[in-house]
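**Student:**
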Amino acid sequence: MVRRSSSLNRTRIDHLEHAHGRRDANARFFLHYGDMTDSGGLNRLVKTVQPDEIYNLAAQSHVQISFDQPEYTADADGLGATRLLEAIRTAGLRTRFYQASTSEMFGLAPPPQRETTPFHPRSPYGAAKAYAHWMTVNYREAHGLFACSGILFNHESPRRGENFVTRKVTRGVAQILAGRQARLRLGNLDAQRDWGDARDYVRAMWLMLQQDTADDYVIATGVTRTVRELVEIAFGLAGLDWTAHVDVDPSYLRPADVPVLCGDPQKARDRLGWEPTISFAAMIREMLESDILAEGLTPRLAAL
Ligand code: GDD
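Quick note on my numbering: the sequence shown kicks off at 1271 and runs consecutively.
(1) Consult DSSP for Phe-1389 and reduce its assignment to one of helix, strand or coil.
(2) Go through its chain and collect everything with a Cβ distance to Gly-1396's Cβ below 6 Å, but skip five positions before and after it.
(3) How would you label Val-1497, buried or exposed, when you count the other beta carbons within 10 angstroms and need 16 or more for buried?
(4) Which residue from Gly-1543, Ala-1573, Val-1472 puts its Cα closest to that of Gly-1506?
(5) Locate the beta strand (DSSP E) running through Glu-1323, then write down its first and last residues.
(6) Ligand 1 and Leu-1378: does the residue's C-beta get closer than 8 Å to at least one heavy atom of that ligand?
(7) Could you tell me which of Cys-1418, Arg-1539, Asp-1338, Val-1530 sits nearest to Leu-1327, measuring between CA atoms?
(8) Please enumerate, following chain order, all residues with a beta carbon closer than 5 Å to at least one heavy atom belonging to ligand 1.
(9) Sort Val-1518, Arg-1524, Met-1557, Leu-1363 by Cα distance to Ile-1548 and report the nearest one.
(10) Rounded C-beta distance between Phe-1423 and Gly-1457? I'm assuming under 8 Å.
(11) Could you say which of Ala-1344, Ile-1358, Phe-1300, Asp-1345 lies nearest to Arg-1314 if we only look at CA atoms?
(12) When the distance is taken between beta carbons, is Asp-1345 closer than 9 Å to Ser-1331?
(13) I'd like to confirm the pairing. Which residues does DSSP put opposite Gly-1466 in its beta bridges?
(14) Is the CB-CB distance between Gln-1383 and Leu-1531 below 9 Å?
(15) Candidates Gly-1492, Glu-1502, Ala-1514, Leu-1567: which alpha carbon is nearest Arg-1539's?
(16) Please name the residue or residues paired with Asp-1517 in a DSSP beta bridge.
(17) Between Arg-1437, Phe-1550, Asp-1517, which lies nearest to Ile-1562 when the distance is taken from Cα to Cα?
(18) Please report the distance separating the alpha-carbon of His-1515 from that of Leu-1459.
(19) Taking the continuous beta strand (DSSP E) assigned at Ile-1489, which residues delimit it?
(20) Is the region 1393-1410 touching the region 1424-1443, taking contact as three or more C-beta pairs under 8 Å?
(21) One question on the structure: do Glu-1411 and Thr-1365 come within less than 9 Å of each other, judged by their Cβ atoms?
(22) Thinking C-alpha only, which one of Asp-1517, Leu-1363, Glu-1432, Gly-1311 is nearest Arg-1282?
(23) Spatial neighbours of Ala-1474 within its chain, please: C-beta separation below 8 Å, excluding the five flanking residues on both sides.
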């Protein structure tokens, strides 16, 4: 499902063969217009498509921006999940539902965070996602829907949006190498995150919906690093001294940040047989390579 906007922003899915509508007999990937704030459209879509599985990844997903757009974030990220759950229930379908919950729900709760850790969200985004999480659990318990909540810690790839910190750093390094900028402005360097690779995490989402019973799972690597370490590794791979290029800009500090995220994925290991396979350094290296290529340069990075 895609939102209508006046300029196209589908570069991340352009490589997939797609058709809008059902006319192309060979097409296997269809896009439908929809919006998480429009229950009429969601109801119609669920009834028309009758999906076997729904993966609800739709969100205003930027934590800092949620402080400026708290109501919209609650509507799209919180109520949006309820609208989808209600669409499945009222259509009487056996659609399996995946809710993209997040480690942001844990907020101030001390690590290691697992499925039983109480939530203490620190942002309008985290609070909206906590509501959506409990609605997913409620539709499972109250209405018997096959609804799973994946509590995913940060996951990254070369397709990451440019204003999330990993991509901002790898793109910044590439632009410094290209001579297009000299310095990179960042916020809180002390925050600790448990970063994994998006491909491993998407496999976990799919695995959750292939089980006999629906449940909730933490997906994480169990290793945490500071933003400073991320910066050190990314600049180091490119042979640059980060201290000569990075400034702390208070405008990127959040009204309240989450200090430490470090997940315990033991339940996913035991029940789904899930393991992360791609290391943090390999992931950052791949993101750097992609951003350096996008600058028209040949990547010459240190070995891992
Ligand atoms: N975005 C950003 N930009 N973050 C910065 C910067 C900066 O210039 N400088 C420091 N940070 C810090 C943030 O304060 C935060 O502590 C950390 O880097 C990670 O920020 P993001 O990459 O924006 O991710 P996030 O942890 O806030 O949220 C992401 O992960 C969640 C899962 O834990 C998003 O993808 C969420 O949608 C997702 O739910």
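Beta carbons: idealized from backbone N, C-alpha and C, even for Gly.
**Tutor:** Reading off the structure:
(1) coil
(2) Glu-1374, Met-1375, Gly-1377
(3) buried
(4) Ala-1573
(5) 1323-1326
(6) no
(7) Cys-1418
(8) Ser-1331, Val-1333, Thr-1372, Ser-1373, Glu-1374, Asn-1424, Phe-1434, Val-1435, Leu-1456, Gly-1457, Asn-1458, Ala-1461, Val-1497, Tyr-1522, Asp-1527
(9) Met-1557
(10) No, Phe-1423 and Gly-1457 are not in contact; Cβ-Cβ is about 19 Å, not under 8 Å.
(11) Ile-1358
(12) no
(13) His-1425
(14) yes
(15) Gly-1492
(16) Arg-1455
(17) Arg-1437
(18) 14 Å
(19) 1486-1489
(20) no
(21) no
(22) Glu-1432
(23) Gly-1420, Leu-1422, Tyr-1487, Ile-1489, Ala-1538, Leu-1542, Trp-1544
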